[in-house]
Structure formats: structure tokens, C-alpha cells
Amino acid sequence: MALAVYNTLTHEKEPFTTIEPGKVRMYVCGPTVYDEAHVGHAMSAIVFDFVRRYLEYKGYQVRHVMNFTDVDDKIIARAAQIGEDPAEIAHRYAGQYKDQLARLNVLQPTVFPRVSQTIPEIVRMVAGLVESDHAYITASGDVYFRVRTDPDYGKLSRRKLEEAVTGTRVASREEKLEEGDFALWKAAKPGEPSWDSPWGNGRPGWHIECSAMSWHYLGEQIDIHGGGNDLVFPHHENEIAQTECFTGKPFARYWMHNGMLQLKGEKMSKSLGNLVTIDEFLAAHDADVFRLIVAGSQYRKPLAFNEDVVVNGERALERLRTALRPPTGPVTTGPAVEALAEQVRQSHVAFEAAMDDDFNTAGALAALFDLVRAINTARDAGVGDPPFAAAQASFRSLIDVLGLRLVVPQAAGQSIAPFVELLLTVRLELRKAKQWALADKIRDELKALGVIVEDTPQGSSWRMAGLS
RNA sequence: GGCGACGUCGCCAAGUGGCAAGGCAGGGGUCUGCAAAACCCCCAUCGCCGGUUCGAAUCCGGCCGUCGCCUCCA
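Position in the first sequence (from 1) plus 36 gives the number in the working numbering.
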């Protein structure tokens with residue numbers, strides 16, 4: 037099986053090969069930390085977590101870098117607004133985001149660099165670009181990238197340079213030579229964070245940080261560069277321009293972009309104000325629910341996010357969990373056992389075929405549901421433990437690739453367990469005495485309290501209802 | 001206006017040339033004291049119009065609709 041990856045640069049699915057055999061260098065654009073992260077950020081993080089987990093499943097060693105933009109206009113603006121130090125704000129939200137990613141079961145990136153800690157590399161890169169005449173310094177100490185010096189400019193977003201340049205007069209206040217030029221370094225303004233540089237005090241422009249961090253932590257050329265598709269232009273276009281003009285080599289082999297999460301038909305974004313924060317979501321739902329929502333759709337397409345979708349996610353999670361329920365019979369040989377083993381094989385093949393096709397998680401999920409059915413059928417047929425556990429272990433190994441934990445929700449502490457058990461003991465007596473009305477009342481009342489009771493030939497079982 | 005993407009069952013959503021995956025919901029069964037869960041069965045010709053082809057949801061053209069980018073954005 038060969039992995040194929042859709043490359044934004046070529047608009048085609050391409051066979052996946054790496055610069056270094058067996059190793060993947062992956063850079064994913066992280067957030068600007070000036071406010072609460074929302075589920076749109078989570079979607080992007082999870083998409084690339086799927087990518088990473090599957091690459092590791094395939095045996096690659098992945099070096100994964102995800103940045104925090106902690107020096108930025110918006111952070112400074114926010115700081116001024118609430119009277120707090122910009123660095124404090126950035127530090128706080130970065131910490132929060134890391135914590136949220138952990139709760140979402142996103143694998144920790146190999147490196148989590150921040151702009152404020154990458155200044156020397158940024159300065160070196162800007163200096164190199166100035167030296168090679170790809171950049172120029174203005175009277176006030178800003179440094180701009182001269183877009184015209186890059187013949188390939190526009191190749192990622194398929195824009196012609198003229199479109200970005202013609203017809204727009206250079207704003208008088210700005211000192212850049214042409215409209216398409218963009219800032220590599222901004223001269224310091226009073227009260228703003230700044231660092232020393234050959235061009236005077238200042239701070240990095242928006243795009244240079246990613247080029248510098250990628251260069252510093254992954255080298256001149258990387259395998260995968262990822263981010264939301266709203267970053268294609270200008271951010272990634274400018275990154276390519278800077279890096280390639282600086283190194284003289286092609287930058288990333290594969291550019292991967294996830295689609296936007298849509299809330300009420302619009303992109304969820306801070307500026308539109310239509311957002312659900314990660315904390316809000318996780319307060320009401322299991323992280324697996326969100327992962328299932330993301331996995332249920334092709335990552336490049338826009339993803340609808342609404343109450344129905346969330347409910348679907350809850351139900352899908354509940355269904356996946358049924359496969360982990362224990363076996364009830366002793367059968368270890370025979371057709372039912374063989375059928376189970378066969379389905380396990382088929383599911384693995386189907387799962388990998390789907391993931392190999394540009395990380396088709398929705399297809400992979402379908403393979404998983406087929407396996408769930410096979411496991412449940414085997415349980416009903418009385419298949420017991422050595423083979424049954426093997427099938428469940430196999431199921432687990434695939435679930436892991438999607439980062440699903442499938443933990444059964446626990447009651448607040450384990451404190452209610454003895455009381456529920458007691459009620460069920462009493463209820464068993466009632467059932468023996470055919471006191472159906474009372475027995476049913478107990479079951480109904482428990483359900484109202486979030487405890488689901490199910491009667492089986494082996495006795496009654498109980499579990500907590502899913503969160504929310 | 002320019003660039004790009006998308007439009008598949010009530011909802012979510014795979015499939016990119018050969019008789020339309022999967023989940024949820026819905027209908028009918030098995031099991032059960034009942035219920036739930038599980039299991040079995042049923043449930044779409046793919047926005048519209050043309051074209052290419054033996055054959056198209058899948059390729060081409062037009063139209064309609066939705067979304068993203070072009071300013072900060074995962």
C-alpha cells in the first residue's frame with residue numbers, strides 16, 4: 037500500500053516520499069495566542085494529528101513542529117486594551133492551548149517553538165534576504181521583502197504578481213516600494229516589545245517566524261507543511277518566497293491545508309464572533325466526540341458544525357464503545373471465530389486503504405464500524421476470550437490511529453457505584469418476584485439520573501450515559 | 001471584480017469512468033416480563049442543462065447555489 041497525499045502546490049494527489057527515508061519533517065502553523073482557542077483551531081490540530089499518527093503507524097519517525105505566534109499586532113492590541121503585558125497574555129493563552137490539545141488527545145509536537153524565542157534565527161534570515169537583495173530597508177527601519185525578486189511568487193495560491201500589485205497605489209504612510217511587498221521586520225514603536233537587530237530595534241513581521249522556525253528546527257527543506265486553507269495566501273505564499281529565496285532550494289514537498297469549520301454557514305472565526313471555544317465544547321462533551329466529527333469528513337472540505345453534528349458524534353462514539361464490551365461466551369473455535377478473524381483482516385485492509393488515500397478518515401471510520409458489527413456479532417454468537425480479546429486489541433490499534441480513547445464515562449468519582457449496585461440488587465429481587473412496575477420504576481428513575489441499566493441473560497449491567 | 005473549492009438519501013458523509021461505503025434518524029423482525037443494547041432485513045441514481053464515451057455521481061462546457069482567500073485568521 038502506498039500513501040498518497042494531496043498537495044496544494046500541484047493540486048494533485050502525489051505518492052508520498054520523504055527527504056530522508058523513514059523520517060518525516062512536518063511543520064504545522066499554530067495559533068496566534070491572544071485569545072481563547074476555538075473548535076476551528078482544534079479541527080486543524082486534530083487533522084494534523086491524524087496525519088502524524090498514521091505516519092507513525094506506517095513506521096515513519098515524525099519530527100513535528102508546531103509554533104506559537106506570541107509576538108504580533110493583535111497580541112499587542114489586546115495587551116493595550118486590557119492593560120496587561122503582551123508576553124503575559126501570550127504565555128497564558130499558549131499554556132491554555134497546550135492543555136486543551138492534551139485534553140483533545142493530540143500528540144504533543146516534537147518542538148513547540150515561539151517567536152519570542154526564535155529571534156536570532158529570524159534576524160539571520162532577514163539579514164540573509166537583505167544581503168541577497170530580496171529585501172530592502174526603509175528610512176524608518178522597517179524591512180520589506182521585495183516580491184518582484186521572486187519569479188515563482190504566487191505559485192501556491194495561483195495568483196499572478198500583477199494582480200497583487202497593479203491598480204493599487206502604495207499607501208503614502210507606508211514605505212514599501214510595491215503593494216505586494218510585505219514586512220519582514222517592523223521598526224519598534226514606543227511601548228511595544230522589541231529586539232535589537234542590524235536595522236535597529238524592532239520585531240518580526242508575521243510570515244518570517246514560520247520560515248525561521250521551520251529552518252531552525254527542521255532544516256532548509258521539509259516534507260510536510262500544514263495549516264488551515266485560510267493561510268494559503270498570503271501567509272504560506274510568503275513563507276515559500278522567503279525560505280526559497282533564502283536557501284535557494286524548494287521548501288516543502290507537500291503543502292497540506294484543512295478546510296474551515298463552518299458555524300451557521302460561515303467560517304468560525306474570532307473576527308466574525310461566531311465561535312465555540314474548545315473549553316466550552318469539552319465542558320459538555322467527550323473529546324472523542326469532536327475527533328469523530330472531524331474524522332467523519334474529508335479534511336480538505338469545509339466541515340459543518342452544529343447541534344445535529346454533535347449529536348451524531350455522540351451516537352457514533354456510543355456505538356464504537358459497544359465493541360469494547362466484554363465477551364459473554366466461551367466459544368474459541370468454529371465458524372464464528374473464523375468469521376471474526378476474517379473481518380478483522382478485512383477491516384485492517386480497508387482502514388489502511390482509506391488512510392493511504394490522502395488520509396480518508398471517513399472511509400477509515402466506515403471500516404471501523406464494520407469491525408464493530410463483526411465484534412458484536414461474535415459476542416452474540418458466544419465467541420469468548422482468546423480470540424475475542426484479540427479482535428478487540430486489533431480494534432484498539434486502529435482506534436488509536438484516530439486518537440480515539442473510547443473511555444466509558446465514569447460517575448463522579450466511583451462514589452455512586454455502591455448505591456447503584458444496591459439498587460440493582462433490590463431490583464433483582466423485585467424482578468424475581470415479578471414486581472415489574474417497581475423494577476421498571478427503578479430503571480427509569482436511574483436513567484433520569486444518567487445511569488443506564490440494561491438487562492441481559494447474564495444479569496443487569498449499568499453505565500453512565502455519555503456526557504451531555 | 002480576481003483566484004480557489006464545493007453541491008451525493010431527512011441529517012452528517014465516503015466514492016472521481018463499470019451496476020451508489022459508513023454513521024444518525026426512520027420502517028420491519030430476532031431476543032426480552034417490558035425496555036434498552038446487540039444482531040438481521042428495508043430505506044438515494046448523485047444541483048440543473050448539454051456534450052464525450054459501449055458505459056459518468058465520477059471527464060468536458062454552460063447555468064444555478066454555497067463557501068474560502070484577495071486585510072488579521074486553523
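Heads up, the beta-carbon is just placed ideally off N, CA and C, and yes, glycines get one too. As the structure is a computational prediction, the values presented were derived from the model and not from experiment.
Where does residue i fall in DSSP's three states?
i, result
"H77", "helix"
"Y129", "helix"
"N412", "helix"
"K134", "helix"
"V142", "coil"
"T204", "Because T204 sits at a pLDDT of 42, beneath the cut-off of 50, its placement in the model cannot be relied upon, and the point is left open."
"I260", "strand"
"Q117", "helix"
"W235", "coil"
"W221", "strand"
"T174", "coil"
"Y93", "helix"
"T313", "strand"
"A251", "The question names Ala, but residue 251 is Trp in the sequence shown. Note: W251 maps to helix in three-state DSSP."
"P270", "helix"
"L299", "strand"
"E214", "coil"
"T461", "helix"
Between which two residues does the beta strand (DSSP E) carrying residue i extend?
i, result
"T492", "487-492"
"V98", "97-102"
"G349", "Per DSSP, G349 belongs to no beta strand (DSSP E); it is in the alpha helix (DSSP H), 343-358."
"W291", "288-294"
"V516", "Examination of residue 516 is not possible in this model, given that the chain is present from 37 through 504 alone."
"Q278", "First-last for Q278: 273-283, but that is the alpha helix (DSSP H), not the beta strand (DSSP E)."
"A40", "40-43"
"P67", "No beta strand (DSSP E) holds P67; DSSP gives it neither H nor E."
What do you get for residue i, buried or exposed, if any count of 16 or more other CB atoms within 10 angstroms of its CB means buried?
i, result
"N274", "buried"
"R433", "Residue identity check: residue 433 is Ser in the sequence provided, not Arg. Flag for S433 reads exposed."
"H100", "buried"
"Q428", "buried"
"L485", "exposed"
"V462", "exposed"
"S80", "buried"
"A130", "buried"
"N342", "exposed"
"T44", "buried"
Look at the Cβ atom of residue i, then the Cβ atom of residue j, and state whether they are nearer than 8 Å.
i, j, result
"V69", "F104", "yes"
"N310", "L299", "yes"
"L466", "L404", "no"
"A219", "D178", "yes"
"L474", "L459", "no"
"D547", "Q136", "Any question about residue 547 goes unanswered here, given that the chain covers just 37 to 504."
"I258", "M161", "no"
"T174", "E211", "yes"
"V373", "V419", "yes"
"Y42", "D394", "yes"
"V83", "V346", "no"
"L360", "L442", "yes"
"D232", "R182", "no"
"C163", "P240", "It should be pointed out that residue 163 corresponds to Ala in this sequence rather than to Cys. No, these two residues do not count as a Cβ contact at 8 Å."
Which residues mark the beginning and the end of the alpha helix (DSSP H) in which residue i is found?
i, result
"F326", "323-331"
"G495", "Here G495 belongs to no alpha helix (DSSP H); instead the beta strand (DSSP E) covers 495-500."
"Y180", "Y180 -> not in any alpha helix (DSSP H); beta strand (DSSP E) instead, spanning 179-181."
"Q334", "Unbroken run through Q334: none, as it is neither H nor E."
Whole beta strand (DSSP E) elements within the segment 366-445, 3-residue minimum: none
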